[in-house]
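Structure first, commentary second.
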Amino acid sequence: MLGIVRQKMLEQSLKKIRPAVAVLRSYSSAAKQMNVREALNSALNEEMSADSKVFLIGEEVGEYQGAYKITKGLLDKYGTERVLDTPITEAGFAGIAVGAAYYGLKPVVEFMTFNFSMQAIDHIINSAAKSNYMSAGQISVPIVFRGPNGAAAGVGAQHSQCYAAWYATCPGLKVLTPYNSEDARGLLKAAIRDPDPVVFLENELLYGESFPISNEVLDSSFCLPIGKAKIERKGKHVTIAAYSKMVGYSLKAAEILEKDGIDAEVINLRSIRPLDRSTINDSVRKTNRLVTVEEAFPQHGVGAEICACVVEESFAYLDAPVERIAGADVPMPYAANLERMAVPQVEDIVRAAKRACYRSVP
Amino acid sequence: MALSYLRSSSSRSANLLKPLSSGLSLRSPISTDTTPITVETSVPFTSHRCDAPSRSVETNPKELLTFFRDMALMRRMEIAADSLYKAKLIRGFCHLYDGQEAFAVGMEAAITKKDCIITAYRDHCTFMGRGGTLLEVFAELMGRQAGCSKGKGGSMHFYKKDSNFYGGHGIVGAQVPLGCGLAFAQKYSKDETVTFAMYGDGAANQGQLFEALNISALWDLPAILVCENNHYGMGTAEWRAAKSPAYYKRGDYVPGLKVDGMDALAVKQACKFAKEHALKSGPIILEMDTYRYHGHSMSDPGSTYRTRDEISGVRQERDPIERIRKLILSHDLASEKELKDIEKEVRKEVDDAITRAKESPMPEPSKLFTNVYAKGLGVESFGADRKEVRATLP
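Here the protein sequences line up with chains B and G, keeping their order. Those letters in the first sequence? Residues 1 to 362, by our numbering. Those letters in the second sequence? Residues 1 to 394, by our numbering.
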């Protein structure tokens with residue numbers, strides 16, 4: 001699948017752009033490593049280099065090199081006209097960015113965390129998401145809102161919420177949730193090139209994690225399709241669907257389950273809106289059992305949508321009720337032991353998968 | 001207080017009848033006549049942190065006639081919309097602009113279609129000023145295919161991107177940061193053009209306005225914020241909503257100008273001044289002292305929070321169309337009959353447009369699912385019963 005994607009992207013001819021990560025290229029067959037931070041930084045760099053309409057705007061993105069160093073080095077390279085430090089005024093600068101997108105520029109707005117996006121949510125929903133529809137196609141909004149989403153470590157109730165389900169409700173938005181470095185590069189590049197408003201939900205705890213990365217992913221024309229999930233691990237007995245950090249936890253759970261003879265298929269959703277319903281349903285039709293995993297509050301969440309979609313499309317194939325693993329239904333506590341109880345752990349995923357498999361275990 | 005302020009303006013009309021320089025004594029066809037005429041604005045401009053422009057405005061017969069015709073068209077259009085709403089052909093919200101026409105025409109006279117305009121929901125006449133047609137207006141109001149947003153937007157969501165009109169916004173105050181964003185993009189693209197972001201006295205207290213103004217001033221954006229102060233934010237008079245109703249001063253470090261918004265020539269002068277300022281020195285606020293004859297919207301009679309005397313008083317003393325009519329007559333640029341004929345023509349144009357708009361069909365059912373995205377990626381979307389109605393987004 002990647003080969004086809006690469007073919008299409010090369011046809012769009014970005015051959016002139018030299019990859020910023022040339023230093024990581026080698027001609028040996030050993031796998032290179034790249035962390036998510038580097039992946040995002042290189043994606044931003046390449047897209048800014050390829051298209052002069054792309055600019056960055058947000059708090060501390062410039063001189064501070066980014067609150068999480070995602071935008072490191074970009075101010076030096078592109079200057080103050082294209083990397084803009086803003087005052088702490090989310091409603092104001094998000095609105096300004098949407099206005100710039102109306103005119104035809106391509107802003108990449110950083111929210112220091114998505115908790116602060118609530119201050120600007122009217123602009124994301126009413127000014128950005130709905131404009132193409134209300135104007136019958138006259139006003140498209142090629143904007144990306146990106147930043148860390150969900151729980152970090154010990155940051156408390158106001159700084160830990162996951163907004164995937166909130167934004168994914170709204171038609172007109174695209175909502176992406178990268179997991180590894182390949183996702184980060186491919187999906188961010190796709191988001192910047194996409195003519196619609198994209199909410200790009202990263203995860204602070206993943207920024208420092210390294211993943212193996214191929215030459216193909218390092219190429220400046222690399223792009224991932226929006227709306228397609230990835231089967232991270234093929235399996236036969238139970239489907240585990242997750243996004244962002246929970247993909248890593250699900251993969252660990254799958255290793256543990258394997259020892260008990262349960263072969264789990266792990267789906268990395270990558271895209272919450274559009275949701276890849278066909279990949280999820282195809283998988284459930286194969287395994288007949290489903291566990292959804294998310295870090296977010298459980299009610300009206302992504303897992304609920306996935307469950308409803310599977311019940312609607314593949315009811316006859318389900319051999320067990322759908323299991324949902326999610327964050328606890330409480331604001332995030334501070335104390336370390338309570339915090340641990342408030343987010344899913346690997347053992348929760350293992351337990352849920354075993355419950356889903358109660359009918360038969362080969 | 002709003003009422004006392006308005007009463008004191010009745011003496012302004014005296015200035016109109018004393019032309020500073022007269023036109024030709026032999027009347028030439030005024031539709032092409034560009035002989036300069038100088039007219040004084042009704043009142044001098046009041047400024048904040050800047051030197052006010054001169055009260056003497058240069059105009060010509062052609063421009064005055066255009067003002068008259070355009071404003072008469074806008075007036076008739078809004079009144080016709082009132083009737084259509086009462087006949088239930090227009091649904092939902094309908095916010096009418098009659099009384100405020102001078103701003104729409106005066107601004108257009110000072111700028112080009114490459115400058116950007118963005119406003120709130122009282123947008124029908126602003127859309128017309130940008131080159132929109134009556135058919136597009138009435139068809140959109142009635143939710144038909146020939147509407148400027150193909151029936152999918154409604155009264156509050158008119159757009160005309162090819163002449164840089166960016167809507168048409170329903171959320172009070174949101175259009176101001178959006179407008180500053182347009183100005184940012186103009187500066188980024190080195191286009192040497194400006195953006196006019198219009199808002200009302202009600203929106204003037206919105207926090208996001210000050211956030212956007214702060215950034216515009218820091219980054220020297222060519223943004224002109226225009227407060228169309230019609231003295232009432234829905235049913236709340238300005239003195240009940242704003243601790244300081246001197247909206248032209250509310251920018252603090254940003255210069256401001258207060259303008260008689262019922263005088264199209266004063267508006268033109270102020271907008272010309274503002275454009276020059278914005279291109280050189282960054283944001284500026286214009287406060288237009290104006291008035292709406294209708295209530296906030298069609299569901300508001302407009303007379304529970306203001307007296308009928310006040311409304312008729314403004315209509316008598318400050319009506320923008322009457323001002324231009326008196327100017328044209330006093331300069332002997334056209335006869336009363338010629339002006340009445342123009343009004344009759346305009347009435348017929350409006351009636352014809354309404355007839356054609358009524359003939360335009362409602363959108364096809366498949367249009368429910370179009371334009372959700374610019375690039376739909378072939379994803380599925382659903383109707384109310386997803387087992388009945390599904391669509392693939394193009």
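Backbone N, C-alpha and C fix where the C-beta goes; we use that ideal spot for every residue, glycine too.
Going along chain G, which residues have a C-beta under 9 Å from residue i?
i: residue 188/B; result: The contacting residues do not exist; residue 188/B stays about 17 Å from chain G at best.
i: residue 105/B; result: 181, 184, 185, 188 and 189
Pop quiz: residue i and residue j are said to be a contact at Cβ under 8 Å. What is the actual Cβ separation, rounded to whole angstroms?
i: residue 47/B; j: residue 54/B; result: 5 Å
i: residue 205/B; j: residue 120/B; result: Rounded, the Cβ-Cβ distance is 24 Å, inconsistent with contact.
i: residue 233/G; j: residue 201/G; result: 6 Å
Would you mind sorting residue i into buried or exposed? The rule is 16 or more other CB atoms within 10 Å of its CB.
i: residue 88/B; result: exposed
i: residue 379/G; result: buried
i: residue 174/B; result: buried
i: residue 20/G; result: Residue placement at residue 20/G is poorly supported in this model, since its pLDDT is 45, which falls under 50; the coordinates still yield a value, given next. Exposed is the call here.
i: residue 219/G; result: buried
i: residue 194/G; result: buried
i: residue 365/G; result: exposed
i: residue 176/B; result: buried
i: residue 303/B; result: buried
i: residue 79/B; result: exposed
i: residue 347/B; result: exposed
i: residue 358/B; result: exposed
i: residue 33/B; result: exposed
i: residue 228/G; result: buried
i: residue 64/B; result: exposed
i: residue 340/G; result: exposed
i: residue 203/B; result: buried
Show which residues of chain G have a CB atom less than 7 Å away from the CB atom of residue i.
i: residue 86/B; result: 215
i: residue 93/B; result: 215
i: residue 227/B; result: 377 and 379
Starting from residue i, find everything on chain G with Cβ-Cβ shorter than 8 Å and list it in chain order.
i: residue 81/B; result: 188
i: residue 140/B; result: 374
i: residue 241/B; result: Those do not exist, as residue 241/B stays about 17 Å from chain G at its closest Cβ, beyond 8 Å.
So residue i contacts chain B; which residues on that side make the cut at Cβ distance below 8 Å?
i: residue 157/G; result: 134 and 135
i: residue 171/G; result: 122, 126 and 127
Which chain B residues are close to residue i, counting only those with a beta carbon under 7 Å from its beta carbon?
i: residue 180/G; result: 96 and 99
i: residue 278/G; result: Under the 7 Å cutoff, chain B gives no residues; its nearest Cβ is about 15 Å from residue 278/G.
i: residue 208/G; result: 91, 92 and 95
Give the interface partners of residue i over in chain B, defined as CB-CB distance under 9 Å, in chain order.
i: residue 60/G; result: The premise fails here: residue 60/G is roughly 33 Å from chain B at the closest Cβ pair, so nothing lies under 9 Å.
i: residue 299/G; result: Simply none; closest approach about 21 Å.
i: residue 153/G; result: 133, 134, 135 and 136
Take residue i and list the residues in its own chain whose beta-carbon comes closer than 7 Å to its own, dropping the five residues that flank it on each side.
i: residue 41/G; result: 55, 57, 260, 263, 265, 266 and 269
i: residue 147/G; result: 136, 139 and 140
i: residue 333/B; result: 339 and 342
i: residue 287/B; result: 235, 236, 237, 238, 239 and 265
i: residue 213/G; result: 225, 251, 254 and 283
i: residue 389/G; result: 382 and 383
i: residue 36/G; result: 58 and 60
i: residue 62/G; result: 30, 31, 32, 33 and 34
i: residue 160/G; result: 127, 130, 131, 132 and 148
i: residue 336/G; result: 329
i: residue 22/G; result: Summary for residue 22/G: the model assigns pLDDT 45, below 50, so the residue's position carries little reliability; its value from the coordinates is reported in the next sentence. The answer, listed in chain order, is 331.
i: residue 373/G; result: 393
So, for residue i: in the same chain, excluding its five sequence neighbours on each side, which residues have a beta-carbon less than 8 Å away from its beta-carbon?
i: residue 351/G; result: 80
i: residue 98/G; result: 74, 75, 78, 79, 292, 293 and 294
i: residue 16/G; result: For residue 16/G, the predicted structure reports a pLDDT of 49, less than 50, and the residue's modelled location is therefore unreliable. A value from the coordinates is still provided. Cβ neighbours of residue 16/G beyond the five flanking positions: 42, 323, 326, 327 and 330.
i: residue 143/G; result: 91, 151, 154, 362 and 363
i: residue 50/G; result: 255, 256, 257, 277 and 284
Spell out whether any CB of chain D is found under 8 Å from the CB atom of residue i.
i: residue 196/B; result: No chain D appears in the structure shown, which is made up of the protein chains B and G.
Keeping to the same chain, check which residues put their C-beta closer than 6 Å to that of residue i; ignore five residues upstream and five downstream.
i: residue 84/B; result: 57
i: residue 67/B; result: 60 and 112
i: residue 161/B; result: 115
Q.
So if I threshold CB-CB distances at 8 Å, which residues from the region 84-100 of chain G count as touching chain B?
A. none
Q.
Using a Cβ-Cβ cutoff of 8 Å, what residues of the region 224-239 of chain G are near chain B? List them in chain order.
A. Residues of the region 224-239 of chain G with a Cβ closer than 8 Å to any Cβ of chain B: none.
Q. Listed in chain order, which residues of the region 118-135 of chain B have Cβ atoms closer than 7 Å to some Cβ of chain G?
A. 122, 123, 126, 127, 132, 133, 134 and 135
Q. Name the residues in the region 127-139 of chain G whose C-beta lies less than 8 Å from a C-beta of chain B; which are they?
A. none
Q. Using a Cβ cut-off of 8 Å, which residues of the region 250-282 of chain B contact any Cβ in chain G, in chain order?
A. 274 and 277
Q: Could you please tell me which residues of the region 182-206 of chain B, in chain order, have their CB closer than 8 Å to any CB of chain G?
A: 194, 195 and 196
Q: Check distances from the C-beta atoms of the region 151-184 of chain B to those of chain G and list, in chain order, the residues that come in under 8 Å.
A: 171, 172 and 174
(Q) Against chain G, which members of the region 50-64 of chain B pass a CB distance test of less than 8 Å? (A) Against chain G - using a Cβ distance shorter than 8 Å - the residues of the region 50-64 of chain B are 55.
Q: Could you please tell me which residues of the region 315-346 of chain B, in chain order, have their CB closer than 7 Å to any CB of chain G?
A: The region 315-346 of chain B vs chain G, Cβ under 7 Å: nothing.
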